[in-house]
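Undergrad: Got a structure here, written out as structure tokens. Questions coming.
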Amino acid sequence: MADGSLYAWWCCALGWALALVAADGFLVDITYVESAVAKGAVCLDGSAPAYHLARGSGSGENSWLVHFEGGGWCNNVTTCLQRKRTRLGSSKEMATQIAFSGILSDTPDDNPDFYNWNKVKVRYCDGSSFTGDVEEVDPATKLHYRGARIWQAVMDDLLAKGMDKAENALISGCSAGGLTSILHCDRFHDLLPPAARVKCLSDAGFFINEKDVAGVGYIAAFFNDVVTTHGSAKNLPPSCTSTLPPGTCFFPQNEVKQIQTPLFILNAAYDSWQVIIRGVP
Ligand SMILES: *[C@@H]1O[C@H](CO)[C@@H](O)[C@H](O)[C@H]1NC(C)=O
């Protein structure tokens, strides 16, 4: 349950439901960011990071929607080794095409606001909501904890493909990807032209720091392990890490008040993953 797969299933249900009503979406090819490898910006297994890009057109030509894939986290060597062999830890395991639907749809009736924007789905293969950066690679496990480097390498690649001329830009994401949108919100804004309108959207990414039914702070310990394993502290917003322990800065409740960029939070009051992980029968 800790890998958040059930949650990822649930939180994207709205997008999938819309996709079923409309069409199956349109298929978009994968782009491997090969230039990232030399910078050490790689997936858990050392493979190149990846995204899918559908070019904008017409009035959407200079508008960019960058959506981060979700899929829980890995918090220690054991869980990261498990993940390394899957599409959430290796671009070698990713499907080379995925369907864009919901907020990524290109159909005006389904997606009136963003259908003709440049639309990007950034694949998730680091297990840290794109926050990790550990230089050392253990020769025994060959695990790379480099999520923050991936984030930067992907952004650099998109800026070079025209995002540097963005007039409108939105980052979004679901579950662990929704948390990514929060943790990188102001940093994303900083990359774009000063005149650009920039906003952030988190879908089911507001994980709360609450004890479980047994009175144990499981999620707090889990996030603390994620931050420690991935060396995330230096990549979390300094406005939080300057006053609180880094592990607690993975919780949006300790971030959102200081975020300067407009941030829209979408979260169910009875979020099934957050209920289940606390052991509620
Ligand atoms: C790794 O994390 C998982 C999930 O929290 C836990 O069950 C396991 O005991 C941990 N393993 C080690 C070696 O710490």
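Residues -23 to -1, 1 to 258 in mature numbering (1 follows the signal peptide of the UniProt record, and there is no 0) are what the sequence shown spells out, letter by letter. From the three backbone atoms N, C-alpha and C, an ideal C-beta is built for every residue, glycine too.
1) CA-CA distance, D144 and V203?
2) Do K176 and P239 have their C-beta atoms closer together than 8 Å?
3) Let's test the definition: count the other Cβ atoms within 10 Å of the Cβ of L30 and tell me whether it reaches 16, buried, or not, exposed.
4) Please tell me whether, using a cut-off of 7 Å, the distance from the CB of T220 to the nearest non-hydrogen atom of ligand 1 is below it.
5) So if DSSP puts D6 in a beta bridge, which residue, or which two residues, is it bridged to?
6) I80: which of K96, E232 and H161 sits nearest, CA to CA?
7) Just the Cα atoms here: how many angstroms apart are V10 and N39?
8) For the beta strand (DSSP E) containing L178, list its first residue and its last residue.
9) Per DSSP, what are the beta-bridge partners of I148 in this structure?
10) Would you mind working out which of A173, A117, D134 and S249 sits nearest A13, comparing C-alpha positions?
11) Within its chain, find whatever has a CB closer than 6 Å to the CB of A146; leave out the 5 residues flanking it on each side and keep chain order.
12) Under 8 Å: do the stretch 102 to 112 and the stretch 122 to 133 share three or more Cβ pairs, one atom per stretch?
13) When burial is assigned at 16 or more other CB atoms within 10 Å of the CB, is V19 buried or exposed?
TA: This is what the structure gives:
1) For the purposes of this step, residue 144 is taken as the residue at position 167 of the sequence shown. For the purposes of this step, residue 203 is taken as the residue at position 226 of the sequence shown. Before going further, note that residue 144 is Glu rather than Asp in the sequence given. Spanning the two alpha carbons is a distance of roughly 35 Å.
2) Here the question's residue 176 lines up with position 199 in the sequence shown. Here the question's residue 239 lines up with position 262 in the sequence shown. Going by beta carbons, K176 and P239 fall inside the 8 Å limit.
3) The sequence position of residue 30 within the sequence shown is 53, counting from 1. In the assembly as shown, L30 is a buried residue. Its beta-carbon has 16 or more other beta-carbons within 10 Å.
4) The count along the sequence shown starts at 1 and reaches residue 220 at position 243. Taking non-hydrogen atoms of ligand 1 into account, the C-beta of T220 is found less than 7 Å away from none of them.
5) Translated into positions along the sequence shown, residue 6 becomes position 29. Paired residues: Q74.
6) Here the question's residue 80 lines up with position 103 in the sequence shown. Minimum Cα distance to I80 is reached at K96.
7) As a first step, residue 10 is located in the sequence shown; it is residue number 33 there, counting from the start. As a first step, residue 39 is located in the sequence shown; it is residue number 62 there, counting from the start. For V10 and N39, the distance between alpha carbons rounds to 22 Å.
8) As a working mapping, residue 178 is identified with position 201 in the sequence shown. First-last of the beta strand (DSSP E) with L178: R174 to D180.
9) Counted from its first residue, the sequence shown places residue 148 at position 171. Beta-bridge pairing links I148 to V43 and C177.
10) Here residue 13 is taken as the residue at index 36 of the sequence shown, counted from 1. Ranking A173, A117, D134 and S249 by Cα distance to A13 puts D134 first.
11) On the sequence shown, residue 146 is found 169 positions in, with the first residue counted as 1. Excluding positions up to five away in sequence, the list reads W41, L169, A173 and V175.
12) Under the 8 Å Cβ criterion, the stretch 102 to 112 counts as touching the stretch 122 to 133, having at least three qualifying pairs.
13) On the sequence shown, position 42 is the one that residue 19 refers to. By the 10 Å Cβ count, V19 comes out buried.
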